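*Asks:* Taken in order, these protein sequences are the chains called L and V. Going by full-length UniProt numbering, the first residue of the first sequence is number 1, and it counts up by one from there. Going by full-length UniProt numbering, the first residue of the second sequence is number 1, and it counts up by one from there. Glycine residues also receive a C-beta, built at the ideal position from the N, C-alpha and C atoms. Quick caveat: nothing in here was measured; it's all calculated off a predicted structure.
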Amino acid sequence: MSVDKRMTLKEAVSKFILEGDTLYYGGFQIMVPMALTYEIIRQRKKHLNILSTSTDAGGLDLLVAAGCIDEMHLAWAMNWCARAPHAIQRAFQDGELKRHDISNFGATGALMAGYLGVPFFPVRGNIGTDVVKYNSADVRIIDDPFTGKPITVVRAWRADVALIHAQRADHLGNVVAWGTHGNGDQHGAMGSKRGVIVTAEEIVDPEMVRSDPDRTLIPYYKTLAVVPCPWGAHPSACRGFYGLDVRFAQYQGKYMKKKEIVPHFLNEWIYGVKDHKAYIQKYVNTFGQEALERLKPILGFKPQMEVDYGYHDPNIWEGVPPYTDMHIRG
Amino acid sequence: MTGNFKPTELMVIRCAQEIIDGEVVFAGVGLPLLVIGFAMATHAKNIILFTEGGSIRATPPPGLAITVDDPALFCKGDGTFGMLATMAALQRGEVDVAFIGGAQIDKYGNINSTGVGNWNKPETFTYFAGSGGASDMAACGKRILAIIPQDPKRFVERVDYLSAPGFLDGPGARERLDMQGNGPSVVVSTMGVYKFDSHTKEMYLSEYFPGQSVEKIRANCSFDLDVAHDVKETEEPSEDELTILRDLDPTSFYLS
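#1: Between which two residues does the beta strand (DSSP E) harbouring H229 of chain V extend?
#2: Report the neighbours of Q29 of chain L on chain V: residues whose CB is nearer than 9 Å to its CB, in chain order.
#3: Taking DSSP's pairing of strands, which residues face F73 of chain L in a bridge?
#4: Does the beta-carbon of Q104 of chain V have 16 or more other beta-carbons within 10 angstroms, so that it is buried, or is it exposed?
#5: Would you please verify whether the beta carbon of K149 of chain L is less than 8 Å from any beta carbon of chain C?
#6: Which residues in the same chain as I19 of chain V place their Cβ atom closer than 7 Å to its Cβ, once the five residues preceding and following it in sequence are excluded?
#7: With DSSP run on the structure shown, which of helix, strand or coil describes E94 of chain V?
#8: Please tell me whether T216 of chain L has its Cβ less than 8 Å away from any Cβ of chain V.
#9: Please go through the same chain and pick out, in chain order, the residues whose beta-carbon is closer than 6 Å to the beta-carbon of G59 of chain L, but skip the five residues on each side of it.
#10: Indicate whether at least one CB of chain L lies closer than 8 Å to the CB of Y108 of chain V.
#11: Can you give, in chain order, each stretch of the alpha helix (DSSP H) that sits fully within the region 229 to 258 of chain L and has at least 4 residues?
#12: Round the Cβ separation of H276 of chain L and C229 of chain L to the nearest angstrom and send it over; I've been treating them as touching at under 8 Å.
#13: From W178 of chain L to R215 of chain L, what distance separates their C-alpha atoms?
#14: Quick check for students: name the residue ranges of the alpha helix (DSSP H) that lie wholly in the region 142 to 176 of chain V, counting only runs of 4 or more.
#15: In three-state terms, what does DSSP make of D94 of chain L?
#16: Considering P210 of chain V, what are the terminal residues of the alpha helix (DSSP H) in which it resides?
#17: Output needed in chain order: residues of the region 119 to 135 of chain V with a Cβ under 9 Å from some Cβ in chain L.
#18: Run through chain V and tell me which residues come within less than 8 Å of I142 of chain L, C-beta to C-beta.
#19: Drop a sphere of 10 angstroms on the beta-carbon of T109 of chain L, count the other beta-carbons inside from all chains shown, and report buried for 16 or more, exposed for fewer.
#20: Can you tell me whether I47 of chain V is helix, strand or coil according to DSSP?
#21: What does L244 of chain L reach in chain V if we use C-beta pairs closer than 7 Å?
#22: Contact criterion: CB-CB distance below 8 Å. Does P32 of chain V meet it with respect to chain L?
#23: Would N220 of chain V pass as a contact of V159 of chain V if the rule is Cβ separation under 8 Å?
#24: On the DSSP letters alone, give me the boundaries of the beta strand (DSSP E) that D212 of chain L sits inside.
#25: What does a CB cutoff of less than 8 Å around N49 of chain L pick up in its chain, not counting 5 residues either side in sequence?
#26: Would you list the one or two residues that DSSP bridges to G26 of chain L?
#27: Under 9 Å Cβ-Cβ, which residues of chain L neighbour K76 of chain V?
#28: State the CB to CB distance for the pair Q167 of chain L and E207 of chain L, rounded to an integer number of angstroms; the pair is presumed to be in contact (CB under 8 Å).
#29: Quick one: list the residues of chain L neighbouring M11 of chain V, beta-carbon separation under 9 Å, in chain order.
#30: Under the assumption that L248 of chain V contacts L64 of chain V (Cβ atoms under 8 Å), give the Cβ distance between them as a whole number of angstroms.
#31: Assign K149 of chain L to buried or exposed, taking buried as 16 or more other Cβ atoms, counted over all protein chains shown, within 10 Å of its Cβ.
#32: Can you tell which of L:T8, L:S2, L:D4 has the C-alpha that lies nearest to the C-alpha of K274 of chain L?
#33: For A72 of chain V, does the three-state DSSP call read helix, strand or coil?
Given below as structure tokens:
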């Protein structure tokens, strides 16, 4: 297998995301696929359906504001720095957005079921809440076939395409991530039907990935596209690369608050820039290089245990007689 | 004693006192993370912190965690396990305290963090972020600790959307649904501290904060509030406690 899956953000989104698709939206409050979010808006994709556990940094709020999303199935969506998901609030009230609420573990379980290839999965949460009343599409209560006691089950979630941001990937599509295992990226990605689009801070040689396979989040065969994309999660964080841009998330949140000024943000920061590199350049031009520097993390937290993946060679048994004793010989 | 503190600060400090050293505490997003930081810096150095992001750690994070998947929570953590692992521990019954915030609470300790209005009439419904992990935590934590700012729109007869189960409609309801946890135990607001009657499962006022009174609290509660016969005033925080707390949140991200 030596297919080079590297491509631009523009190519990946135009080639692999179709109108009406159901997307797994990765990240949690960090590693949110924001560059992919901006590109989907730039390409004016419509009628998307989102599956996610929880997400922050305002990515879904922007997608809703730009009219890309019809439905979302998730537990929590917010721009935490702006203290509310303003566009989502408006779109729901205007009847432009369908929400299917579920708990965090309900969502995690739904993705787990998709990952396992089973139709549903039992979880203990959601029971007794209004989630069961209003979201029978995803959540039901059944009798445990073994004990007869009530238990919540959640429907398996399988997206058409999964959107993921990671620290590293190789050109084949192996995805490497560390520092937090978030809530569902691996299951959401593996359970996707067509595959994964990944934006990565760094592209490395496959031999580097193979030297440390415990850190591989998604194996190459599930990956559709690898997009080299430094700052690809901005304004959310990327562990070891940059932190959450609180000021920018608040700035974006202020635009989202008032419907009439939302287009200014979209025009200036998304439609008006040609790609993610230009977006970051615009950020530097607007807020200064020091704004970007401020986001760099405190480093020096490297693993102190060296790991060796050494294996045992079965050839050493050649010529060694079978072990035996008097009982076996009997 | 100076009296020079914000209601939010006393709320955090009083809430932290509910956590016993050595317990496994599952903290939701928002003020709970600050409370845990404070508890770990003071009387409860041996608590084990779980978050929805999957952090499991026995030491305080090196900086203020703004979110439950905050990189700080994983820095020198004991594991970066992911949501599946911490939620699974909840379901196995290994979490002593499920600690959540919310927008509304009713007399049975049911919590709403989804939105206000009538969900069936979308034009009237204002969405917040959503339930997140609150429902999982409230169903499975051995006891539930809740932190909610107080006003009449938040302490309500019936929550607009039940996102996290308290005692539902009263005695026996949790048992009928085979919930693992024992339900709400303490609620701390910006005005006082509440507990639950073991028979009726209804909330009652057990302490009022300095500067508050039972009458003022009743006026900020939309249901007919029961008050303990030995209701007392909460002790003011010490200068030391306030210094520790303010050092944890120097930019007032939570305390503003």
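*Replies:* According to the structure shown:
#1: Residue 229 of chain V sits at position 229 when you count from the first residue of the second sequence. First-last of the beta strand (DSSP E) with H229 of chain V: 226 to 233.
#2: Here residue 29 of chain L refers to the residue found at position 29 of the first sequence. Per Cβ cutoff of 9 Å: V29, G53, I66, T67, V68, D69, D70.
#3: As a position in the first sequence, residue 73 of chain L is number 73, starting the count at 1. Sequence check: residue 73 of chain L is His here, not Phe. Bridge partners of H73 of chain L: L:L51, L:H100.
#4: Residue mapping note: residue 104 of chain V aligns to position 104 of the second sequence, counting from 1. Under this definition Q104 of chain V is a buried residue.
#5: Among the protein chains in the structure shown, which are L and V, there is no chain C.
#6: As a first step, residue 19 of chain V is located in the second sequence; it is residue number 19 there, counting from the start. In chain order, V25, A39, A44, I47, V97 place their CB closer than 7 Å to the CB of I19 of chain V, counting only its own chain and leaving out the 5 sequence neighbours on each side.
#7: On the second sequence, residue 94 of chain V is found 94 positions in, with the first residue counted as 1. Three-state DSSP puts E94 of chain V in coil, outside helix and strand.
#8: As a working mapping, residue 216 of chain L is identified with position 216 in the first sequence. Taking Cβ atoms only, chain V never reaches closer than 8 Å to T216 of chain L, which makes this a no.
#9: Start at 1 with the first residue of the first sequence, and residue 59 of chain L comes out as number 59. Hits under 6 Å: V32, M34, T37.
#10: Along the second sequence, one-based indexing puts residue 108 of chain V at 108. Answer no: the Cβ-Cβ gap between Y108 of chain V and chain L never drops below 8 Å.
#11: 246 to 257
#12: As a position in the first sequence, residue 276 of chain L is number 276, starting the count at 1. As a position in the first sequence, residue 229 of chain L is number 229, starting the count at 1. Indeed, because the Cβ distance is near 6 Å, the residues count as touching under 8 Å.
#13: Along the first sequence, one-based indexing puts residue 178 of chain L at 178. Along the first sequence, one-based indexing puts residue 215 of chain L at 215. Roughly 6 Å between the two C-alpha positions.
#14: 173 to 176
#15: Here residue 94 of chain L refers to the residue found at position 94 when the first sequence is read from its first residue. Note: D94 of chain L maps to coil in three-state DSSP.
#16: Here residue 210 of chain V refers to the residue found at position 210 of the second sequence. Taken as a continuous stretch (DSSP letters only), P210 of chain V belongs to no alpha helix (DSSP H), as it is neither H nor E.
#17: W119, N120, P122, E123, T124, F125, T126, Y127, F128, A129, G130, S131, G132, G133, A134, S135
#18: Taking the first residue of the first sequence as 1, we reach residue 142 of chain L at position 142. Result: empty, since nearest Cβ-Cβ is about 12 Å, beyond 8 Å.
#19: Here residue 109 of chain L is taken as the residue at index 109 of the first sequence, counted from 1. Residue identity differs from the one stated: residue 109 of chain L is Gly in this sequence, not Thr. Flag for G109 of chain L reads buried.
#20: Against the second sequence, residue 47 of chain V aligns to sequence position 47. Reduced to three states, the DSSP call for I47 of chain V is coil.
#21: Within the first sequence, numbered from 1, the residue matching residue 244 of chain L stands at position 244. For a Cβ distance threshold of 7 Å, residue set I66 of chain V lies close to L244 of chain L, ordered along the chain.
#22: As a first step, residue 32 of chain V is located in the second sequence; it is residue number 32 there, counting from the start. Chain L contact via Cβ: absent.
#23: For this step, residue 220 of chain V is matched to residue 220 along the second sequence. For this step, residue 159 of chain V is matched to residue 159 along the second sequence. In this structure, V159 of chain V does not lie closer than 8 Å to N220 of chain V by Cβ.
#24: One-based indexing of the first sequence puts residue 212 of chain L at position 212. Segment: none, D212 of chain L is in no beta strand (DSSP E) and carries neither H nor E.
#25: Residue numbering aside, residue 49 of chain L sits at position 49 when the first sequence is read from its first letter. For N49 of chain L, where only same-chain residues beyond five positions count, the Cβ hits under 8 Å are G20, D21, T22, L23, I69, D70, E71, M72, H73.
#26: As a first step, residue 26 of chain L must be located in the first sequence, where it is residue number 26. According to DSSP, which records beta bridges pairwise, G26 of chain L is partnered with nothing at all.
#27: Taking the first residue of the second sequence as 1, we reach residue 76 of chain V at position 76. Neighbours of K76 of chain V on chain L, chain order: F301.
#28: Along the first sequence, one-based indexing puts residue 167 of chain L at 167. Along the first sequence, one-based indexing puts residue 207 of chain L at 207. With a Cβ gap of about 17 Å, Q167 of chain L and E207 of chain L do not count as contacting.
#29: Translated into the one-based positions of the second sequence, residue 11 of chain V becomes position 11. What M11 of chain V touches in chain L: nothing, since even the nearest Cβ is about 18 Å away.
#30: In the second sequence, counting from the first residue as 1, residue 248 of chain V sits at position 248. In the second sequence, counting from the first residue as 1, residue 64 of chain V sits at position 64. Right, their Cβ atoms sit about 6 Å apart.
#31: Locating residue 149 of chain L in the first sequence gives position 149, counting from the first residue. Answer is exposed; the Cβ neighbour count stays below 16.
#32: Taking the first sequence and counting its residues from 1, the one referred to as residue 274 of chain L is at position 274. Looking at the Cα atoms, L:T8 is the closest of the given residues.
#33: One-based indexing of the second sequence puts residue 72 of chain V at position 72. Under the three-state reduction of DSSP output, A72 of chain V falls in the helix class.
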